Amino acid sequence: MSLPFRPTGSRPKPTQNRGNFRRDPMDRGPKRNERIRATEVRVITAAGEMLGVMPTEKALNLAKEQGVDLIEIAGTAVPPVCKLIELGKFLYEESKKSKHQKHTAKMKELKFRPRIDTHDLFIKIRRAENFLYHGHKVKLVLQYRYRDLEHAEIGIETVKRVIAELANVCTADSVPKRTGRSIVLGLTPLQQNRRKLVHNAEPGDENMEDDSAVADEPDEQ
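Mapping to our numbering: the sequence shown position 110 is 110, numbers consecutive.
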């Protein structure tokens with residue numbers, strides 16, 4: 001019986017430090033090689049060439065033959081998508097991509113009312129998820145009408161719901177709190193390898209319009 005394939009180095013024994021075990025280095029970073037549990041995967045090369053769907057064992061053999069790693073890059077896809085590439089090169093490319101996204105990221109704005117229709121709210125959530133998935137920060141602006149101020153908690157609960165629905169792609173910059181007739185809250189994207197699409201089947205256009213140019217609706221006293 002052959003030993004498990006580990007091109008990134010042999011698996012070191014855990015070392016002890018002041019009574020606590022250090023985390024095994026093989027458990028860090030992207031899921032790769034024998035840590036991939038799917039029985040079949042969709043494989044692409046480092047150059048982006050599609051090799052198609054194949055048993056994971058066959059993909060691991062390909063990686064071994066080429067002296068590279070099999071790295072999972074889209075674990076939520078069916079089947080998961082994996083790339084044949086050296087771990088060091090992959091991490092370097094991801095670091096460059098992350099720095100570029102931070103440099104080019106824009107603040108996107110989405111406006112809504114406390115009593116927004118559920119269907120319309122999820123349209124906003126899908127747009128926000130897409131922006132955040134692409135690495136853009138999102139500013140939520142919930143605007144109260146005068147008649148809504150008697151039940152301000154409705155707006156806070158609406159914002160909390162949005163935050164919960166987007167937990168797969170972001171974290172909230174603060175706790176929702178009303179100031180005057182609005183709640184303004186920033187959402188910051190998670191690290192790229194932690195972002196997952198839940199409300200969109202696939203990434204959409206990151207340059208789609210947000211609500212920053214939308215004029216505020218006239219209010220009734």
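Just so it is clear, CB atoms sit at the ideal spot from N, CA and C, and this is done for glycine as well. No experiment lies behind these values; they were computed from the predicted model shown.
Using only alpha-carbon positions, find the residue among the options that is nearest to residue i.
i	options	result
T45	E65, I85 and V141	I85
D210	A47, F112, A77 and A38	F112
P114	L140, K31, K83 and L190	L140
K97	D205, N193 and M208	N193
L149	H119, K177 and R181	R181
Are the Cβ atoms of residue i and residue j separated by less than 9 Å?
i	j	result
I36	E94	no
A128	P79	no
G186	A172	yes
N168	V198	yes
G29	L70	no
V81	R32	no
L190	L110	no
E40	M50	no
Y146	R178	no
V159	K124	no
F118	K196	Going by the sequence as given, residue 118 is Thr instead of Phe. Not in contact: T118 and K196 (Cβ atoms no closer than 9 Å).
With a threshold of 16 other CB atoms inside 10 Å of the CB of residue i, please say whether the residue is buried or exposed.
i	result
T56	buried
G135	buried
D24	Per-residue confidence for D24 stands at a pLDDT of 46, beneath the threshold of 50, marking its modelled position as unreliable; the derived number appears in the next sentence. So D24 counts as exposed.
N207	exposed
V175	exposed
F21	For F21, the pLDDT reaches just 41, beneath the cut-off of 50, and the residue's location in the model is therefore unreliable, although a value from the coordinates is still provided. With fewer than 16 other Cβ atoms within 10 Å, it is exposed.
In terms of residue numbering, what span does the beta strand (DSSP E) encompassing residue i cover?
i	result
Q143	K137 to Q143
A74	D69 to A74
T171	C170 to A172
L187	S182 to P189
S111	One detail in the question is off: residue 111 reads as Lys in this sequence, not Ser. Run containing K111: M107 to F112, per the beta strand (DSSP E) assignment.
T45	E40 to T45
What span of residues does the alpha helix (DSSP H) with residue i cover, start to end?
i	result
E301	Within the shown structure, residues of the chain are numbered from 1 to 221, placing residue 301 beyond reach of any answer.
L121	T118 to Y133
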